[in-house]
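Scroll down for the structure; my scribbles are underneath it.
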Amino acid sequence: RLRDSMRRETEMLFSYVVREDLPLTTLLDADFTFLNEDLARHYDIPDVKGNEFRKVELKNSHRRGILGQGSFHLLTSYPLRTSPVLRGKYVLENLLDTAPPPPPPNIPQLEPPTRHGDQRSLREQLEKHREDPACASCHALMDPIGFGLENFDATGAWRDRENGKDIDAAGELASGRQIHGVDDLRKALIEDHRPEFYRSIATKLLTYALGRGLDWYDKPALDKIVADTEAAKGSSRAMLRAVIDSVPFQYRRGDS
Numbered sequence: 003r004l005r006d007s008m009r010r011e012t013e014m015l016f017s018y019v020v021r022e023d024l025p026l027t028t029l030l031d032a033d034f035t036f037l038n039e040d041l042a043r044h045y046d047i048p049d050v051k052g053n054e055f056r057k058v059e060l061k062n063s064h065r066r067g068i069l070g071q072g073s074f075h076l077l078t079s080y081p082l083r084t085s086p087v088l089r090g091k092y093v094l095e096n097l098l099d100t101a102p103p104p105p106p107p108n109i110p111q112l113e114p115p116t117r118h119g120d121q122r123s124l125r126e127q128l129e130k131h132r133e134d135p136a137c138a139s140c141h142a143l144m145d146p147i148g149f150g151l152e153n154f155d156a157t158g159a160w161r162d163r164e165n166g167k168d169i170d171a172a173g174e175l176a177s178g179r180q181i182h183g184v185d186d187l188r189k190a191l192i193e194d195h196r197p198e199f200y201r202s203i204a205t206k207l208l209t210y211a212l213g214r215g216l217d218w219y220d221k222p223a224l225d226k227i228v229a230d231t232e233a234a235k236g237s238s239r240a241m242l243r244a245v246i247d248s249v250p251f252q253y254r255r256g257d258s
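The opening residue of the sequence shown carries number 3 in our numbering; numbering runs sequentially from there.
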């Protein structure tokens, strides 16, 4: 039931942003969300009662936007632990339209948690991957993003410690920007990567609208959708209009 509530929260945020024609960056920094009692309890947010979802203000909260939602963390974690690598990879692919290359073959996986537990932090365990030159370049892209989200456990609950140690959520992004936690990461995405964020959303919307994957000849249309969205200060409806007005959508190929 909690998993369904997490999915519903994300769906309601996206629907609200479009319905109210809010900037698309609201998906990253919304100071509100949609909760029922079960999900609010999981997030340790008081005064939300009942099964009905309602809009809840997030005052001085780390949960702003999709990076603070349980659906994101459930999707990018393993059952028993978080995965900075999966989280970083997901952000690159789905929020920044940047796919890292596949991992080299024969790279051992991290050991799963045992009953007695590995007392090293996950960050410390990942260092062995970063020491391998074949892995270092990709992990330098993914890991700092994931480390910035380590205060969230595998189900999106907030935590300050792991294995008796304080969470280290600091990192240096590929741009050289220093971050310390989800608030800094969110700010970096909005300030430094807004065009990539728009392109990522535009790619998904155009793919859905066309009912097919995009090809090289769709790039000019995609560029125009992003440019129109930027000119409209990130308006969600402006992007939807640009998708509808795009050449690939207006001149869709017939089934024949």
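Beta carbons are placed, not taken as given, at the ideal position from N, Cα and C, and that holds for glycine.
CA-to-CA, the gap between S17 and S237 works out to about 13 Å. Across the set P146, A42 and T12, the C-alpha of T12 shows the shortest separation from the C-alpha of A32. Residue environment analysis places E164 among the buried positions, since at least 16 neighbouring C-beta atoms fall within 10 angstroms of its C-beta. Taking C-alpha positions only, L143 is separated from G178 by approximately 11 Å. Annotation for T209: G215 and L216 place their beta carbon closer than 8 Å to its own, counting only its chain and skipping 5 residues before and after.
DSSP places H182 within a strand segment (E or B) once states are collapsed to three.
In the structure shown, the three-state DSSP call for V93 is helix. Taking a C-beta distance under 9 Å as the contact criterion, S79 and R89 qualify as a contact pair. For the pair P25 and K235, the Cα-to-Cα distance works out to about 7 Å. The residue from D145, N153 and E133 with its alpha-carbon nearest to that of V93 is D145.
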